[in-house]
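Take a look at the structure below.
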Amino acid sequence: MTRPKRSDEADGIYHVLNRGNARQTIFHKPQDYAAFERILGKAIKVHPVELFAYQLMPNHWHLVLRPTVDGQMGRMMRYLTMTHTMRYHTHFGTVGEGHVYQGRFKSFQVQEDAHFFSVCRYVERNAVRSGLVDQAEDWQWGSLWRSQQPIEPKPKLLTAWPLFQPKDWGSYVNQPQNERELAAIHQSIKRGSPFGDSQWVEATAKQSGLESTLRSRGRPKSQNR
44 MTRPKRSDEA
54 DGIYHVLNRG
64 NARQTIFHKP
74 QDYAAFERIL
84 GKAIKVHPVE
94 LFAYQLMPNH
104 WHLVLRPTVD
114 GQMGRMMRYL
124 TMTHTMRYHT
134 HFGTVGEGHV
144 YQGRFKSFQV
154 QEDAHFFSVC
164 RYVERNAVRS
174 GLVDQAEDWQ
184 WGSLWRSQQP
194 IEPKPKLLTA
204 WPLFQPKDWG
214 SYVNQPQNER
224 ELAAIHQSIK
234 RGSPFGDSQW
244 VEATAKQSGL
254 ESTLRSRGRP
264 KSQNR
């Protein structure tokens, strides 16, 4: 089976996600999260990629980023996952015992307007939805907590947003997203389809050769009655 096509274009904004193999835990303690942040810092330093938002969860993580050179998102992600996998196996003594990740990362392109805010909000309130904290800013392993510190902790990870951040962003993140908005984001995660208004989605999918991500799956209905 051929791998599904994915977009990886300079100046595009992308939501990126990967999970532990069989949804297994990949961050067992604070030191594991901190080690991943150090690897992430090296990854965006080595590759021309800007990071706007992120959240690390016990068995998966989310990134919102922008490559500034064609193809660099994929190269950065390979560096990130391979380096983290080596660190995981070495640290836990599991070399040769199987995969850390479920497979290739998932990604979809995001329109640079209110849809960008929707995706960043989705990412930054992940720990709240999972019941790990009551307030999104209390989850240390993400961009909301990091951005609210007087000085960004090392390593420096975050780039200034391409749009002006709404006032009282933290309070906005803590408000639940409606089911329609969540369903649209989940659909883009599942299919790899662009996330934005209908005209932008169609144009972006056509430009990137991703029209198939917009079609419903399954066998076509038989014309015989």
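Residues 44 to 268, numbered by the numbering used here, are exactly what the sequence shown covers, in order.
Cβ coordinates follow ideal geometry from the N, Cα and C atoms, glycine included.
Owing to the predicted nature of the structure, the values given are computational and were not obtained by experimental measurement.
Query: Let me confirm a value: Leu175 is counted as buried when at least 16 other C-beta atoms fall within 10 Å, else exposed. Which label applies?; Result: exposed
Query: Measure how close the beta-carbons of Ile69 and Val162 come, nearest whole angstrom, since I'm counting them as under 8 angstroms.; Result: Their Cβ separation, rounded to whole angstroms, is 22 angstroms, which puts Ile69 and Val162 out of contact at 8 angstroms.
Query: Could you tell me whether the segment 229-249 touches the segment 188-195, using the rule of 3 or more Cβ pairs below 8 angstroms?; Result: no
Query: Tell me whether Ala53 is buried or exposed, calling it buried when 16 or more other Cβ atoms sit within 10 Å of its Cβ.; Result: exposed
Query: Compute the Euclidean distance between the alpha carbons of Trp104 and Tyr131, then round it to the nearest angstrom.; Result: 15 angstroms
Query: Is the CB-CB distance between Val143 and Gly63 below 8 angstroms?; Result: yes
Query: Starting from the N-terminal side, write out each stretch of the beta strand (DSSP E) that is 3 residues or longer and does not extend beyond the segment 118-167.; Result: 149-153
Query: Under DSSP, the beta strand (DSSP E) around Glu104 begins and ends at which residues?; Result: It is Trp, not Glu, that sits at residue 104 in the sequence shown. Start and end: 103-110.
Query: Leaving out five residues before and five after His90 in sequence, what residues of the same chain have Cβ atoms less than 6 angstroms from its Cβ?; Result: Gln115, Arg118, Met119
Query: For the alpha helix (DSSP H) that Trp83 lies in, which residues bound it at each end?; Result: Position check: residue 83 holds Leu in this sequence, whereas Trp was assumed. From DSSP, the alpha helix (DSSP H) with Leu83 extends over 73-89.
Query: Quick one, are the C-beta atoms of Ser214 and Leu201 less than 8 angstroms apart?; Result: no
Query: Out of curiosity, what's the CA-to-CA distance linking Asn169 and Ala179?; Result: 8 angstroms
Query: By the three-class DSSP mapping on this structure, what secondary structure does Glu195 have?; Result: coil
Query: How is Ile232 classed by DSSP in three states: helix, strand or coil?; Result: helix
Query: With H, G and I counted as helix, E and B as strand and the rest as coil, what does DSSP make of Glu254?; Result: helix
Query: Would DSSP call Gln208 helix, strand or coil?; Result: coil
Query: Alpha carbons only, please: which of Val153, Trp184, Met129 is nearest the one belonging to Leu206?; Result: Val153
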